[in-house]
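Counting from 1, position 13 in the sequence shown corresponds to residue 13 in this note's numbering; the numbering is continuous, with no gaps.
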Amino acid sequence: MPELPQVHPEVTWAQRSSGTDAERNYLYVNIKASDVPRSDAKLDITAKNVTFAGDSKKGVRYQVSLDLFSEIEPENSKVNHSDREVELVLRKKELKEEYWPRLLETKQKIHFLKTDFDKWVDEDEQDEAPEDDYANNFGGFDGMDQGGLGNIDFSKLGAGLPGAGGAGDVPGEGEESDDEELPELEEADDKAGEKSAKIQEVS
C-alpha cells in the first residue's frame with residue numbers, strides 16, 4: 001500500500017489568562033484534521049509539545065508538531081475529537097494575568113497557524129467574557145477517549161476582531177479602530193436637533 005502524502009492541518013488558537021484561577025488560564029487549540037477516525041489518530045500532549053498524526057479518509061496523512069511557548073499541564077487538559085477537527089483546551093501551567101505573546105516557541109511565521117477570532121477575547125476584556133466558556137464543558141484528557149462538547153453556543157465566546165495579525169501572534173495590537181462611520185452619525189444627530197429647534201421656534 002503506497003504511503004499517504006503528508007499534510008500540515010490548519011491550526012487555530014485563542015487563549016484566556018488568570019493570575020489566580022487555574023480554570024480560567026488556558027489555550028484553545030483546534031487542529032483542522034477532517035475525516036480522521038479516532039481509531040486512526042495519534043495525539044501526544046506533553047508539557048511543552050502537542051503532536052498529532054492521523055490518516056484521513058480523503059487520502060492524506062495529517063501530521064503536526066507544536067512546540068509551545070511555555071509549559072502546560074497535560075493532566076488538566078481536555079480533548080474532543082470530532083469528524084471535522086480535534087479541539088484541545090490546554091491548561092497553562094503558570095498562573096499569570098498576561099497573555100502568552102504567541103502560541104509557539106518559535107518567532108517564525110507559521111503558514112498553517114492562525115488566530116481563532118471566534119474565540120479570541122482581548123486580554124483587558126476577558127473578565128467580561130461569558131462564564132459558559134466551553135473549556136469547562138468537555139471531557140478530560142484520557143488518551144483519545146474524550147467527552148463531547150454538548151450544546152454549547154460558540155457564538156458567546158467573544159466577538160471576532162477585525163483584521164488579522166501575524167500567524168500565531170496576539171491580535172489587536174497596533175490595529176486602527178473601525179469607527180470611521182461614527183462622526184457622520186453624530187452630524188446627522190446634530191442636524192436633527194437643529195431641525196427640531198427650528199420647529200419649536202416656529203410654533
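Quick reminder that beta carbons are idealized off the backbone N, C-alpha and C, glycines included.
Can you have a look at residue i and say buried or exposed, based on whether 16 or more other CB atoms are within 10 angstroms of its CB?
i	result
E87	buried
A33	buried
A14	buried
K92	buried
K119	buried
Out of curiosity, what's the CA-to-CA distance linking residue i and residue j?
i	j	result
T12	L4	24 Å
L43	W100	23 Å
E123	D116	14 Å
H111	L68	16 Å
N80	E125	27 Å
P74	L27	12 Å
V89	K107	22 Å
E10	D21	30 Å
I215	V121	As displayed, the chain neither begins before 1 nor continues past 203, which places residue 215 out of reach and without an answer.
E94	I72	8 Å
K114	S82	20 Å
Going by alpha carbons, who is nearest to residue i out of the options?
i	options	result
K78	H8, N30 and K57	N30
S70	K109, F112, S39 and L103	L103
Q6	L27, S56, T106 and K96	S56
T51	R38, L113, V60 and S65	S65
K58	V121, I72, A47 and R84	R84
N76	K114, A47 and R38	A47
Which residues in the same chain have their Cβ closer than 6 Å to the Cβ of residue i, if we skip the five residues on either side of it in sequence?
i	result
S18	R24 and N25
G54	A33, V36, D40, A41 and Y62
V60	L4, P5 and V7
E98	none
Below 7 Å CB to CB, which residues in the same chain sit around residue i once its five sequence neighbours on both sides are set aside?
i	result
K96	S17 and G19
E105	D67, L68 and F69
Excluding sequence positions up to five away, which residues of its chain have a Cβ less than 8 Å from the Cβ of residue i?
i	result
N224	What is shown of the chain runs 1 to 203, which leaves residue 224 out entirely.
Start-end ranges of the beta strand (DSSP E) lying completely within the region 58–106, minimum 3 residues: 61–67, 72–81 and 86–92
Complete runs of the beta strand (DSSP E) confined to the region 6–34 [at least 3 residues]: 10–15 and 26–32
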